[in-house]
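Comments concern the structure below.
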Amino acid sequence: MYFLGVDGGGTKTIAYLLDEESNLIFKNISGPTNLLENGEEVFRKNLRELLYPVLKNINPKDIKSCFGLPAVGEFREDVKILREIIKEELNIEADTIVNDVVIGWAGGNLARDGIHVVAGTGTITYGRKGNKDIRVSGWGSIIGDEGSAYYIGYRTLNEVSRELDGRKRRTDLTKLIFKKLNLRDHLDFIEFIYDPQKDRRSNIASVAKITYEIAKIGDKKALKILKDSAKELALTVTTANKFLKIEKPITVTYSGSVLEKNEIVREEFIKLLAKGGYEVKSPKLSPVLGAVLLAFLNYENNSQKREEFINKLLKIYKEEEK
1 MYFLGVDGGG TKTIAYLLDE ESNLIFKNIS GPTNLLENGE EVFRKNLREL
51 LYPVLKNINP KDIKSCFGLP AVGEFREDVK ILREIIKEEL NIEADTIVND
101 VVIGWAGGNL ARDGIHVVAG TGTITYGRKG NKDIRVSGWG SIIGDEGSAY
151 YIGYRTLNEV SRELDGRKRR TDLTKLIFKK LNLRDHLDFI EFIYDPQKDR
201 RSNIASVAKI TYEIAKIGDK KALKILKDSA KELALTVTTA NKFLKIEKPI
251 TVTYSGSVLE KNEIVREEFI KLLAKGGYEV KSPKLSPVLG AVLLAFLNYE
301 NNSQKREEFI NKLLKIYKEE EK
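Residues in the sequence shown are numbered from 1 upward in steps of one, following our numbering.
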């Protein structure tokens, strides 16, 4: 038996395949797999590129799988439609299909009570206590995604637009953004944002890295945008626990580039939540290994085998983090 975990995202999708002895026998990366944001054609293409190289050599009946995908829970008959597409493209039955935030939660605290925040291209928060669960945010780039890389990029570009036309005083933010993006004038600026050849959501989200670089050298506007991002992310956590009522200390884990790689956002996020008895911890496993874990837990009922499998996953993650 093999255990397949898929971590879909707004920028990239990752797959790991493990055997029963917890040996990692395959991993791969492809492009985004958000059916609502990217469309069905892109979704199918990236799914094929991700898994076809390994599935052509393995009997599909020998695979137990968990797909953590964006947009699950956001359109009618979502799981049915996604399961049909996966079957058509890969010839495997998807055993478990959940929103990608659920595999983040499973990896973050080994599928135990707690709250998990995904803050990458988009944002969504998921919490579980026993059989109760809730998700907060995750409304997509048009009306939501507060705190995400997209949010940071949008806020930054919006500030630049206001400085360019005089609604706000020109500061170093515009100068530095133009320099980092190699822009000459406002026409280059517009082309960067609206280029039909690029995925607009990912393109705008990519600016978040530049905002972070600018904030590190002391730009006040960039710093405010990042701190506002942290406030938005913290709000999703406290909102989730109003429903769950997890007793203190409340474990909060995270995944995604905004909290993993941006210490300004992360430190502000931790500081804001500490006041309410929340303990923010780095995840025990990556989301894709969280997906593998859920695939295994849904297959194996023996508690000893479960613990052994989890311990091996922890070793894989530790090795990859070196």
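Positions of the beta carbon are idealized from the N, C-alpha and C atoms, including for glycine.
Does DSSP put residue i in a helix, in a strand, or in coil?
i	result
Ala-222	helix
Tyr-150	helix
Asp-19	strand
Thr-13	strand
Lys-281	coil
Ile-236	Checking the displayed sequence, the identity of residue 236 turns out to be Thr instead of Ile. The answer is helix: DSSP assigns Thr-236 an H, G or I state.
Ala-71	coil
Asn-59	coil
Ile-103	helix
Asp-78	helix
Leu-4	strand
Lys-275	coil
Tyr-299	coil
Return the CA-CA distance between residue i and residue j, expressed in angstroms with no decimal places.
i	j	result
Ala-111	Pro-249	17 Å
Val-118	Thr-239	15 Å
Thr-251	Leu-273	11 Å
Arg-162	Ala-205	19 Å
Leu-24	Glu-146	35 Å
Thr-236	Lys-315	31 Å
Arg-48	Thr-253	31 Å
Ser-255	Thr-171	33 Å
Asn-46	Lys-231	34 Å
Leu-4	Ala-94	10 Å
Arg-169	Val-160	10 Å
Val-280	Asp-113	14 Å
Leu-313	Glu-20	12 Å
Lys-16	Phe-26	The sequence shown places Tyr at residue 16, rather than the Lys named in the question. Roughly 6 Å between the two C-alpha positions.
Asn-182	Asn-241	44 Å
Glu-374	Leu-82	No information on residue 374 is available, as it lies outside the stretch 1 to 322 that the chain covers here.
Phe-269	Leu-157	23 Å
Ile-152	Ile-124	15 Å
Arg-155	Glu-307	44 Å
Glu-84	Gly-68	15 Å
Phe-189	Ile-214	18 Å
Ser-22	Tyr-317	12 Å
Count the other C-beta atoms from every protein chain shown that fall within 10 angstroms of the C-beta of residue i, then say buried if there are 16 or more, exposed otherwise.
i	result
Lys-284	buried
Ile-14	buried
Leu-187	exposed
Asp-100	buried
Ser-65	buried
Glu-321	exposed
Asp-7	buried
Ser-141	buried
Asp-62	exposed
Asn-131	exposed
Pro-32	buried
Ser-137	buried
Pro-60	exposed
Glu-37	buried
Asn-337	Only positions 1 to 322 of the chain appear in this structure, which leaves residue 337 out of reach.
Arg-201	buried
Ser-282	exposed
Phe-309	buried
Lys-129	buried
Gly-9	buried
I believe residue i touches residue j by the beta-carbon criterion, under 8 Å. Please report the beta-carbon distance rounded to the nearest angstrom.
i	j	result
Ile-58	Tyr-2	6 Å
Asn-134	Leu-18	Looking at the sequence shown, residue 134 is not Asn but Ile. Between Leu-18 and Ile-134 the Cβ distance is about 30 Å, and since that is not below 8 Å, they are no contact.
Ser-148	Gly-166	That pair is no contact at about 29 Å.
Gly-120	Ser-257	5 Å
Under 7 Å between C-beta atoms, does residue i make it to chain B?
i	result
Ser-229	Within the model displayed, chain B is absent; a lone protein chain is all it includes.
Open item on the list: Under 8 Å: do the region 222–238 and the region 187–194 share three or more Cβ pairs, one atom per stretch?
Closed with: They do not touch, by the three-pair rule.
Task: At least 3 beta-carbon pairs within less than 8 Å: the region 200–217 vs the region 175–187 - done: yes
Open item on the list: Below 8 Å, how does it come out for the region 226–239 and the region 262–279: are there three or more Cβ pairs, yes or no?
Closed with: yes
Open item on the list: Between the region 102–111 and the region 284–303, can you find at least three pairs of beta-carbon atoms closer than 8 Å?
Closed with: Taking 8 Å as the limit for Cβ pairs, the verdict is that the region 102–111 does touch the region 284–303.
Open item on the list: With three or more beta-carbon pairs closer than 8 Å as the criterion, would you say the region 47–57 touches the region 81–94?
Closed with: yes
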